[in-house]
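Notes follow the structure.
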Amino acid sequence: MKDLRRKPLRVVNLGLEIFADELRDQNVSVTQVRWRPPAGGKPHLLEILEKLEELDR
Amino acid sequence: MRLAREIRRKAGVSEVAALMGTPANQEIMLQAGLADEDGVEAGPNDLVLAVEADSQALAFEAIEEAKTFLTQARAGDGGASDFSPSSLVGALAAAPESSLAMISVPGAYAAKEAMDALRSGLHVFLFSDNVSVDDEVALKREAIERDLLLMGPDCGTAYIGGAGLGFANAVKPGRVGCIAASGTGLQAVASQLDALGEGISHGIGVGGRDLSAEVGGLMTLHALDFLSNDPQTEIVALISKPPDPEVLPRIEEALKSFHKPHVVCFLGAEKPGWAETLEDAGHAVAATLKGETYRPDDFFAQAGLKEKIASLKPGGALDGGGVLGLFSGGTLAHESHLILEGLLGDVSWNEDAGRHRILDLGDDRYTVGRPHPMVDPESRAEAILQAEGFGVVLLDLVLGRGSAQDPAGPLARAIKEARGKDRSLVFVASVVGTADDPQSLEEQVRILEDAGVVVLPSNAQAARFAAAVVRPELLEGDGS
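First to last, the protein sequences are chains A and B.
So the first sequence is residues 22 to 78, counted in the numbering used here.
So the second sequence is residues 534 to 1013, counted in the numbering used here.
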């Protein structure tokens, strides 16, 4: 966990962009993700994707 | 959410909800009677508008206006050309030095994103709610195994290395480490420490369920470890509701071997040496850093208090009305509830019943399809106008990044209108904020005071003041 205590904070933001704007106002570097629900938000497809990911691991 | 507010102003429209069509939101709409089983066809990428109006024609008219509003908003916001990746993997490819993921996507997807972030070696600030306890435990175990922080779920505020995350006040960087369950408790203590000249090293939000039996204090213990090895942190404040009896011994054990000074404030739990209120916690930290011991003053014994209260009730006549607390901060509401129950007896919680009531208007039940009262003060302004038959209305105001630009303004207008109808209604408030907050603490206090509100320096003092207005015996020293 050395990074948070000794290196400058760098953030990936998934969701509300207001949080990214606030961090940039504080001179924190932020990468905003254009997030959309995976699998078009369809629960059964999402389940299949998760199972495939588990198999990958 | 601005959309819902604009449409709600339309004559004949009584309620408007604007929600993304996620399964969780669909459930909320069904429960709230804003949709029926047939009507929920929208998906998570759709915006659902529900309108309650005096007639169907008015409702359709409102929806047409909403559509126009949305089209205009979209036409105006084009043109952003900054690169933004569409996934966490893409973000890390573009910015491999990233150290923390902030996650505020709908709860149904949040756990997966958080797990992916942890497995990519990122600390996580998990703002999303509706994350199951099982997921929370799995995420926290994964984080601990990787020596990472998992802040949340439902984490409103954190400070990391001097930067405020989420709803955070502009406080100085400094030597105080905080571990707090959720949002406004941390905001209150950090802001107070700022006023006392102390700054924050890190403020770690662990989520409201961390000290439950199910989660077992996993992240609180891990955060203690994090702060014990942090060279910036000289003292630690631990702020939460009381831990589950099963979990408390583990926390006490960890504190026994914690080598830095620490202040414990478990709101509602009393033990010698523990701070009873958020304000006491802040003072105790500041005093300890000066090598002093903090002893709270007796609020009711202070000079001039009796006269001040007498001047608010001309002629000294009491109408028998109780205290109505209208809160935006959950922890502040909880603290006030504890204090008022101790001083006044029964105080109802999130119920429209009883002589004394505390309503946490940021609770899920009051925010279906509408913004949180910290973001949009209008729902509280409406509640103020409906406050009838009470002696005192007790309020909190939470400033900082993420909060409304001018939370005091709409409240002050409603307060003036309410006092125009009922001169005997007393308004009492406290403001969580710092001199460097975007809203200006001084200006927000002035707006409230100009509207006739008695503004106290802390949430605890505001609750005690409100109690003394409806129960003056407290000032005689026989009620506290």
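Yeah, the Cβ is synthetic: ideal placement off N, Cα and C, and Gly gets one too.
Within chain B, the residues that residue i reaches when beta carbons sit closer than 7 Å
i: Arg45/A; result: Near Arg45/A there are no residues of chain B at all, since even the closest Cβ is about 11 Å away, more than 7 Å.
i: Leu73/A; result: Residues of chain B passing the Cβ test: none, with the nearest at roughly 13 Å.
i: Asp24/A; result: Ser632
i: Leu76/A; result: Residues of chain B passing the Cβ test: none, with the nearest at roughly 15 Å.
Residue-level contact to chain A via CB, residue i, 9 Å cutoff
i: Met635/B; result: yes
i: Arg538/B; result: no
i: Asn578/B; result: yes
i: Leu552/B; result: no
i: Lys645/B; result: yes
i: Gly935/B; result: yes
i: Leu682/B; result: yes
i: Pro782/B; result: no
i: His735/B; result: yes
i: Pro639/B; result: yes
i: Ala905/B; result: Note on identity: in this sequence residue 905/B is His, with Ala being the wrong assignment. No, its Cβ sits nowhere closer than 9 Å to a Cβ of chain A.
i: Gly699/B; result: yes
i: Ser614/B; result: Reliability of the predicted coordinates at Ser614/B is poor, the pLDDT of 43 falling under 50, and the value obtained from them is presented with this limitation in mind. So no, Ser614/B is outside the interface.
i: Thr555/B; result: yes
i: Ala650/B; result: yes
Contact under 9 Å by Cβ, residue i with residue j
i: Ala756/B; j: Val739/B; result: yes
i: Ala995/B; j: Val1003/B; result: no
i: Gln53/A; j: Asn34/A; result: yes
i: Ile636/B; j: Val657/B; result: yes
i: Leu859/B; j: Arg913/B; result: yes
i: Ala595/B; j: Val584/B; result: yes
i: Ser869/B; j: His905/B; result: no
i: Leu682/B; j: Leu67/A; result: no
i: Ser773/B; j: Ala713/B; result: yes
i: Gly933/B; j: Val978/B; result: no
Beta-bridge partners of residue i, as assigned by DSSP
i: Gln53/A; result: Asn34/A
i: Val670/B; result: For Val670/B, which the question treats as bridged, DSSP gives no partner whatsoever.
i: His905/B; result: DSSP, once it has assigned bridges, lists no residue as partnering His905/B.
i: Thr690/B; result: Gly699/B
i: Leu633/B; result: Val32/A, His656/B
i: Asp893/B; result: Phe860/B
i: Ser881/B; result: Arg890/B
i: Phe832/B; result: According to DSSP, which records beta bridges pairwise, Phe832/B is partnered with nothing at all.
i: Asp929/B; result: Ser963/B
i: Glu548/B; result: Glu585/B
Pick from the options that is closest to residue i, judged by C-alpha positions
i: Glu982/B; options: Ala995/B, Ala1001/B, Pro971/B, Ala962/B; result: Ala962/B
i: Ala626/B; options: Gly942/B, Gly640/B, Ala650/B, Leu603/B; result: Ala650/B
i: Ala945/B; options: Glu921/B, Asp955/B, Pro910/B; result: Pro910/B
i: Val622/B; options: Glu921/B, Gly654/B, Lys600/B; result: Gly654/B
i: Leu719/B; options: Val546/B, Gly815/B, Gly858/B, Ala634/B; result: Gly815/B
i: Thr717/B; options: Phe998/B, Glu1009/B, Ser991/B; result: Ser991/B
i: Gly750/B; options: Tyr899/B, Leu726/B, Lys673/B, Val769/B; result: Lys673/B
i: Cys711/B; options: Asp763/B, Glu747/B, Ala916/B, Val664/B; result: Asp763/B
Under 9 Å from the C-beta of residue i: neighbouring residues of chain B
i: Lys28/A; result: Glu630, Ser632, Gly694
CB contact check: residue i to chain B, cutoff 9 Å
i: Lys63/A; result: yes
i: Ile39/A; result: yes
Proximal chain A residues relative to residue i, where beta-carbon distance stays under 7 Å
i: Asp763/B; result: Arg26
i: Ser617/B; result: Gln53, Val54, Arg55
i: Ala627/B; result: Thr52
i: His792/B; result: Chain A residues near His792/B: none, gap ~17 Å exceeds 7 Å.
i: Ala624/B; result: Val33, Thr52, Val54
8 Å Cβ cut-off: residues of chain A touching residue i
i: Leu621/B; result: Val33, Leu35, Val54
i: His889/B; result: The contacting residues do not exist; His889/B stays about 36 Å from chain A at best.
i: Leu655/B; result: Val33
i: Phe660/B; result: Gly36, Leu37, Phe40
Interface partners of residue i on chain A, CB under 9 Å
i: Tyr899/B; result: In chain order: nothing, as chain A lies at least about 20 Å away.
Contact with chain C by residue i, beta-carbon distance below 9 Å
i: Ser715/B; result: Of the protein chains in this structure, namely A and B, none is chain C.
Heavy atom of the ligand FAD within 8 Å of residue i beta-carbon
i: Asp893/B; result: Inclusion of the ligand FAD in the displayed structure is not the case, the ligand content being empty and no account of it being possible.
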